[in-house]
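Going by the numbering used here, the sequence shown opens with residue 1, and the numbers climb by one from there. All C-beta atoms in this analysis are idealised placements derived from N, C-alpha and C, irrespective of residue type, glycine included. Data block below; observations after.
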Amino acid sequence: MKITHQNFSLPSAALALAGFISNTASAGAAQSDWPTYNGTLTSERYSSLDQINTANVTALQVQCTYDTTIKTSFETGLVQVDGSLFGATEQDTFSINPDTCQENWRVHEEFRHSPLKVNRGVAVAGGKVFRGTTDGRVVAYDEVTGKLLWATTIADPARGETVPASPIAWNGMIFIGNAGGDNKGVKGRIYALDASTGKIVWEFYLVPKGPRDKARGPQAKSPSVARSWINAKGFPISGGGTWTSYTLDPSSGLLYVPGGNPAPDFVNAYRNGDNLFTASVVVLDARTGAYQRHFPIVAHDFHDWDEAATPTVFTTKSGKRMMAVTPKDGHLYGYDLASNTRLYREPVTTIFNTTEALKPTGTRFCPGAQGGAEWNGPAYDVLHDTILTGEVDWCATVHTDPKETVENTSVGQPWGGTKDGFGFGKYDDKSQWGGWLTASDAVTGAKTWQFKAPAPIASGITPTAGGIVLFGDMAGNFYAFDSASGTKLWSANLDGAVAGGVITYDTGKGQKIAVAVGVTSPIWPTADVTGKIEVLGLK
């Protein structure tokens, strides 16, 4: 492990006073910071900052750049707290000055690359920086120095399991899970770890745990859902991995976990039943991991339409407590959390041929397995009582493999049931792709405005009290729109796909916007560039 240091900006005394409450986006967290993946633990992504607004946003410009110098799938969420901005690549973790982009420290660890070369960010709390790794660990670094404090293994890289999700922190615990649910025999799990020591507090299997499955920590209480999996011989229960972030309601202590797809992804005839809890939002008691309820989103999924994006929990202007969800199936779902009932399911991208069986001769459908929504979920605009969703508009064709090929795949190997396009389908020509940003009434789901982008929208979506919404697309365009009308107020090309964190903050030197730029990936036809953080402000 290599650690480089420059110009530390965080006084240790101040960190000692910070503690977990202020650092993990509780209800009282400072409005000027962006202290967790989605701004708040409930994932609204709304900022009350208004220095940059509809009247002056045309004066926005890049003020500094932090270049990671690495070509990678740069999808990191960004966290700004305690006077520093934090992010991650697959193998690097870093702290920079949020106003000047000067590096405070950077840690590099050498381990085997994952196929997608991705990490989606960090959590910061109690003077520590937490992240997952592609070799199956969760690690904690000192927030000031970058010194490694502890490491805990929660996944088996020999089976294709990784930990790319951005964790969240609350009440002295870190919440994170394993990915790899597209591999044969891999089962998704979610963990709570003690933030001080890394010890596993509880483990919850998102699909049925069998007698031969490893228990890495105390097992949380879970109902038996094995009857929802009616699998043929040679088709072990597989799926349910998590590869984005999570939502937690501090007022109730409930953790909302977005569950990944079942596997094999595209061949469903040999895994009948509801396949619980894949493609669902599972609600757990954050303190104990005990199951509370679940919301089935995509029933018996056979298009690789994970509920991958973080759910958003919010209270409308009328006082209704709700959850908004955007899975990869191209719809916006709204749920009343008082009655746990679905209020609406509205399309927010192109929907085509979604019920036809997938065949060896090929079946084209929209959205493809890359969304719909990807790893960034919906945002709640407090100002206008609307839900804002970013979507991919890109159709794919899948040619399914015969049963013998799927059955004979080795445990731990990719198990989609197709060899098309890295196992996720053969996509339409890039000239046919696009994206949507949609504003929908939070209570009814009715569209209030919609924008068609020239490339997929997979970035974070950030509405503000200044009446603007900030987002980017995979052609490198970064936008500021009027959040009331959907009018484009400003845009610039940042020379790299924008598909990671989009955050805003004020350290006392004026409101800034930080954007993760540069997704260089085998499954997205984007510009071949290094990952960068661009910090923007007013001229």
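query: Terminal residues of the alpha helix (DSSP H) in which residue 559 lies; result: Absent from the model: residue 559. The displayed extent of the chain is 1 to 539, so no value can be given.
query: Residue 73 versus residue 250 - alpha carbon distance; result: 32 Å
query: Pairwise C-alpha distance: residue 534 and residue 234; result: 49 Å
query: Option nearest residue 573 by Cα separation, candidates 336, 291, 397, 160; result: The first residue shown for the chain is 1 and the last is 539, placing residue 573 beyond what the model contains.
query: Contiguous beta strand (DSSP E) assignments of at least 3 residues, all confined to the stretch 85-141; result: 92-96, 103-108, 123-125, 128-132
query: Which residues DSSP lists as bridging residue 534, in chain order; result: 65, 515
query: Per DSSP, the bridge partner or partners of residue 232; result: Answer is none; residue 232 lacks a bridge partner.
query: Any 3 or more C-beta pairs closer than 8 Å across the stretch 266-274 and the stretch 333-346; result: no
query: The stretch 368-377 contacting the stretch 306-318, beta-carbon criterion three pairs below 8 Å; result: yes
query: Beta-carbon proximity of residue 502 to residue 536, cut-off 8 Å; result: no
query: Buried versus exposed, by CB contacts within 10 Å (16 or more), residue 455; result: buried
query: Beta-carbon proximity list for residue 156, same chain, < 7 Å, skipping 5 on both sides; result: 136
query: Cβ shell of residue 460 (< 6 Å), same chain only, five flanking positions each side left out; result: 376, 501, 502
query: Buried versus exposed, by CB contacts within 10 Å (16 or more), residue 510; result: exposed
query: Burial state of residue 473, where buried means 16 or more other Cβ atoms lie within 10 Å; result: buried
query: Which listed residue (458, 198, 218, 421) has its alpha carbon closest to that of residue 615; result: Here the chain covers residues 1 to 539 and nothing more, so residue 615 does not appear.
query: For residue 389 and residue 348, believed in contact at Cβ under 8 Å, the rounded distance; result: 5 Å
query: Reduced DSSP secondary structure (H/G/I, E/B, other) of residue 58; result: helix
query: Reference residue 40; option with closest CA among 248, 412, 301, 322; result: 248
query: Pick from 343, 369, 304 that is closest to residue 320, judged by C-alpha positions; result: 343
query: Spatially closest choice to residue 514 from 125, 48, 62, 261, by CA coordinates; result: 62
query: Residues near residue 530 by beta carbon distance below 7 Å, same chain, minus five either side; result: 67, 68, 69, 70, 71, 518
query: Whether residue 213 touches residue 266 by CB criterion (8 Å); result: no
query: Buried or exposed by the 16-neighbour rule on C-beta atoms within 10 Å, applied to residue 386; result: buried
query: Check whether residue 207 and residue 277 have beta carbons under 8 Å apart; result: yes
query: Residue environment, residue 446, which counts as buried when at least 16 other CB atoms sit within 10 Å; result: exposed
query: Closest by C-alpha distance to residue 244, when choosing among 410, 371, 176; result: 176
query: Counted within 10 angstroms of its Cβ, other Cβ atoms place residue 324 as buried (16 or more) or exposed; result: buried
query: Cα-Cα separation, residue 316 to residue 334; result: 12 Å
query: Assigned exposure category for residue 410 - 16 Cβ within 10 Å defines buried; result: exposed
query: Beta-carbon spacing of residue 261, residue 181 below 8 Å; result: yes
query: Residue 93 versus residue 449 - alpha carbon distance; result: 38 Å
query: The beta strand (DSSP E) enclosing residue 264, as first and last residue numbers; result: Here residue 264 belongs to no beta strand (DSSP E), and DSSP marks it neither H nor E.
query: Unbroken beta strand (DSSP E) run spanning residue 373, endpoints; result: Segment: none, residue 373 is in no beta strand (DSSP E) and carries neither H nor E.
query: Distance between residue 154 and residue 167 (C-alpha atoms, nearest Å); result: 13 Å
query: C-beta neighbour in chain D for residue 406, strict 8 Å; result: Looking at the structure shown, chain D is missing, and only one protein chain is on hand.
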